[in-house]
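Per the working numbering, residue 34 is the first one in the sequence shown, and the count goes up by one each step. By construction, the Cβ of each residue, glycine as well, lies at the ideal position given by its N, Cα and C atoms.
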Amino acid sequence: MHAKAPPSGKIGLAVLISGRGSNLQSIIDACRIDGFPAEIKVVISNIPDAYGLVRAQNADIPTRIVSHKDYTNKTDFEQKILGILDEFSVDLVCLAGFMRIISPVLITPWEGRIINIHPSLLPKHKGLHTHERAIEAGDTTSGCTIHYVTPGVDEGEIILQRSVPILPDDTPDTLAARVLEQEHIAYPDAIRRMAAQISKSA
Ligand code: GRF
């Protein structure tokens, strides 16, 4: 089992990214707010030049690169990540634009303590190209979902959702931008909720 929440009352986060890291930035910014119940212990990227790594370095947060390309199998890749989570005494793992499908090797030891953000109102539009699909389906509402990670992709229990309207002239890009604004509110909110839950169970 993972470490208990530290005596400071703040839970330790690992944020896993693959790209630009705007959600990571929203978490970094939230952690700077007085009384926010979490701190980022480590940022892990599977992409060596992900811009999110620069964001983490600018905030003096330790970073680790675990490139899936360096591993011949997923188990070794995920075991490397598990080792880093232990090294940094992490309480909650936050996937934030982490573009690898992960297996029970990584999920099971962190069950209930690993969460993801998805840019649709799940259970609608699991997987990729969510904004195109929401528009094509004629939906009038979209949004984002924070959910627990389970072996079924985008299928874990929902923690919270935030909605936005889909406007008649929306393109996938304009819709993505509207949803992203809500993502940046949703992730810090979800972390607050998780921190309250983790502190109670510690
Ligand atoms: C976000 O839209 C997130 O919902 C999805 O991937 C995107 C990552 O964006 N899973 P960023 O790297 O956080 O800017």
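Exercise. How long is the line joining the alpha carbons of I199 and I224, rounded to whole angstroms?
Worked result: The sequence position of residue 199 within the sequence shown is 166, counting from 1. The sequence position of residue 224 within the sequence shown is 191, counting from 1. Looking at the two C-alpha atoms, the distance is approximately 27 Å.
Exercise. In terms of alpha-carbon separation, which member of P137, V212, T207, S153 lies closest to I191?
Worked result: Looking up residue 191 in the sequence shown gives position 158. Minimum Cα distance to I191 is reached at S153.
Exercise. Grouping DSSP H, G and I as helix and E and B as strand, with all else coil, what is M34?
Worked result: If you number the sequence shown from 1, residue 34 lands on position 1. Legend: pLDDT at M34 = 49, less than 50; position of this residue unreliable, value from coordinates given subsequently. Correct three-state label for M34: coil.
Exercise. Exposed or buried, what is A167 when buried is set at 16 or more other beta-carbons lying within 10 Å of its beta-carbon?
Worked result: Within the sequence shown, residue 167 is the residue found at index 134, counting from 1. Looking at its Cβ environment, which holds 16 or more other Cβ atoms inside 10 Å, A167 is buried.
Exercise. The alpha helix (DSSP H) with H164 in it runs from where to where?
Worked result: In the sequence shown, residue 164 corresponds to position 131, counting from 1. Where H164 is concerned, the enclosing alpha helix (DSSP H) stretches over 163 to 169.
Problem set entry | E214, DSSP secondary structure in three states | Taking the first residue of the sequence shown as position 1, residue 214 is located at position 181. Note: E214 maps to helix in three-state DSSP.
Problem set entry | Where N91 falls: helix, strand or coil (DSSP) | Counting from one through the sequence shown, the residue named residue 91 turns up at place 58. Residue state, collapsed to three classes: helix.
Exercise. What are the residues that DSSP puts in a beta bridge with I50?
Worked result: To locate residue 50, count along the sequence shown from 1; it is residue 17. DSSP, once it has assigned bridges, lists S78 as partnering I50.
Problem set entry | Inter-stretch contact (C-beta, 8 Å, three-pair minimum) for the region 100 to 113 and the region 134 to 143 | yes
Exercise. In terms of DSSP beta bridges, what is G45 paired with?
Worked result: For the purposes of this step, residue 45 is taken as the residue at position 12 of the sequence shown. G45 is bridged to E72.
For this session: Taking F131 and I60 to be in contact with their CB atoms under 8 Å, please state how far apart those CB atoms are, rounded to whole angstroms.
Result: Within the sequence shown, residue 131 is the residue found at index 98, counting from 1. Within the sequence shown, residue 60 is the residue found at index 27, counting from 1. So it is not a contact: roughly 13 Å between Cβ atoms.
For this session: With a floor of 3 residues, list each beta strand (DSSP E) that falls wholly inside the region 97 to 128, ordered by position along the chain.
Result: 125 to 128
Problem set entry | Beta-carbon gap between G22 and G54 smaller than 7 Å | As shown, the chain starts at 34 and ends at 235. That puts residue 22 outside it, with no answer to give.
For this session: Inspect the beta-carbon positions of A129 and L57 and report whether they are closer than 7 Å.
Result: What you label residue 129 is simply residue 96 of the sequence shown in a count that begins at 1. What you label residue 57 is simply residue 24 of the sequence shown in a count that begins at 1. Cβ atoms of A129 and L57: closer than 7 Å.
Exercise. First and last residue of the beta strand (DSSP E) that includes V138?
Worked result: Position 105 of the sequence shown holds residue 138. First-last for V138: 137 to 140, but that is the alpha helix (DSSP H), not the beta strand (DSSP E).
Problem set entry | 7 Å Cβ shell around M34 - same chain, five flanking residues per side excluded | To locate residue 34, count along the sequence shown from 1; it is residue 1. Here M34 scores only 49 on pLDDT, less than 50, and its place in the model should not be relied on; the value that follows carries that caveat. Cβ neighbours of M34 beyond the five flanking positions: none.
Exercise. Got a sec: does ligand 1 put a non-hydrogen atom nearer than 6 Å to the Cβ of I114?
Worked result: Within the sequence shown, the letter at position 81 stands for residue 114. No, the Cβ of I114 stays beyond 6 Å of every heavy atom of ligand 1.
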